[in-house]
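Peer 1: Take a look at this one; I'll ask things after.
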């Protein structure tokens with residue numbers, strides 16, 4: 031396989047996390063990956079995988095996902111100022127795996143706009 035068989039040269043991951051009652055950390059992730067170019071068409075295609083999983087404080091399941099997907103970029107919702115430890119933990123993980131962090135502003139996910147967006 032050569033790199034020109036792919037439409038894009040990188041995979042990206044986006045994820046959100048929610049701390050539930052009892053200290054359960056639930057994550058949702060989307061993996062956007064290049065697909066091989068079809069030999070019959072010249073269109074660009076990408077695949078998307080949607081996942082939901084429970085993780086621990088060390089984010090070991092997220093780490094396994096990132097190792098398997100090998101993304102260049104990871105998009106995530108900015109942490110609140112009070113969540114310094116969680117932010118540092120994620121930044122350290124991404125740095126170790128050489129994944130570019132891309133925090134997204136929390137205001138982009140305002141639930142008041144859902145009806146309008148649909």
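In the working numbering, the protein residues as written are 31 to 148.
Even for Gly, the Cβ is constructed at its ideal location relative to N, Cα and C.
Nothing here was measured: the structure is a model prediction, and the numbers come from that model.
By DSSP, does residue 98 sit in helix, in strand, or in coil?
Peer 2: It is helical.
Peer 1: Work out the CA separation of residue 82 and residue 36 for me, nearest whole Å.
Peer 2: In this prediction, residue 36 scores a pLDDT of 37, lower than 50, which makes its location untrustworthy; no coordinate-derived value is stated.
Peer 1: Which residue from 76, 127, 119 and 78 puts its Cα closest to that of residue 94?
Peer 2: Considering only alpha carbons, the answer is 127.
Peer 1: Using 8 Å as the threshold, is the C-beta distance between residue 120 and residue 105 below it?
Peer 2: In this structure, residue 105 does not lie closer than 8 Å to residue 120 by Cβ.
Peer 1: State buried or exposed for residue 78, treating a residue as buried only when at least 16 other CB atoms are found within 10 Å of its CB.
Peer 2: Counting Cβ neighbours within 10 Å, residue 78 comes out exposed, since fewer than 16 surround it.
Peer 1: Less than 8 Å between the C-beta atoms of residue 41 and residue 61, yes or no?
Peer 2: Yes; because the gap between Cβ atoms is below 8 Å, this pair is in contact.
Peer 1: Under a three-way DSSP split, which group does residue 32 fall into?
Peer 2: With a pLDDT of only 37 at residue 32, under the threshold of 50, the placement of this residue in the model should not be trusted; the figure read from the coordinates follows. Coil at residue 32, not helix or strand.
Peer 1: Do you know offhand how far residue 135's Cα is from residue 108's?
Peer 2: Their Cα atoms are separated by approximately 6 Å.
Peer 1: Could you have a look at residue 114 and say whether DSSP puts it in helix, strand or coil?
Peer 2: Here residue 114 sits in helix by DSSP.
Peer 1: Determine the DSSP secondary structure at residue 55, reduced to helix, strand or coil.
Peer 2: Looking at residue 55 - three-state DSSP - the assignment turns out to be strand.
Peer 1: Based on the DSSP output, what are the partners of residue 42 in its beta bridges?
Peer 2: 62 and 103, per the DSSP bridge assignment.
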